[in-house]
Amino acid sequence: MSRVIRRPMDGADRYLAPVFRDNAATFVSGVEEIAQAHPQEAAHMTAIAMELALKSRLLASGVSDDWNRRHLRHDLTKALRCARQAGLIEPPAGMAAVAALFTPYYANHEFGRFPSSLFTAADWRHAAGLVRAVIGGPS
14 MSRVIRRPMD
24 GADRYLAPVF
34 RDNAATFVSG
44 VEEIAQAHPQ
54 EAAHMTAIAM
64 ELALKSRLLA
74 SGVSDDWNRR
84 HLRHDLTKAL
94 RCARQAGLIE
104 PPAGMAAVAA
114 LFTPYYANHE
124 FGRFPSSLFT
134 AADWRHAAGL
144 VRAVIGGPS
């Protein structure tokens, strides 16, 4: 049984949702270009894009930016769970696994320790496609 997380829903920060979404799209657009030469940077860009995409959905629903910042921070697994519990998205298959893989490094500002060997070129395309699905763009 999952517990419902209560969030402030005053909607004052809804104007930030398209900014976060556009920034997510910018980060994810460069992932495939750099994945082969710079896999660790590509992983980091994917994590940033995923965070922005999920927070964009939450902002659009009326959740405050301050709540996102204080309660979610950079925890991609928690952000995905909150967006799903709020009914904002049905995560694409595989997104929870990618979030779980990134979160220990990303949430703790330790992406320098992310093992770049964890992804193949196909995985990068898949991870980027997952983020695009959340953004609402073509995968």
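Residues 14 to 152 in the numbering used here are what the sequence shown spells out, letter by letter.
Glycine is no exception: its CB is placed at the ideal position from the N, C-alpha and C atoms.
- Of all C-beta pairs linking the segment 72 to 86 to the segment 41 to 55, fewer than three are shorter than 8 Å, placing the two stretches out of contact.
- At a Cβ-Cβ threshold of 9 Å, A92 and A112 count as neighbours.
- Within the segment 27 to 72, the complete alpha helix (DSSP H) segments of 4 residues or longer fall at 30 to 42, 44 to 47, listed in chain order.
- Between the segment 82 to 96 and the segment 58 to 74 there are three or more inter-stretch CB-CB distances shorter than 8 Å, so the stretches are counted as touching.
- N36 and T133 have their C-alpha atoms roughly 25 Å apart.
- Spatial neighbours of R126 in its own chain (CB-CB distance under 7 Å, excluding positions within 5 residues in sequence) are listed in chain order as Y118.
- Pairing S129 with A48, the inter-Cα distance amounts to about 10 Å.
- Straight across, the Cα-Cα distance linking P105 with R82 is about 24 Å.
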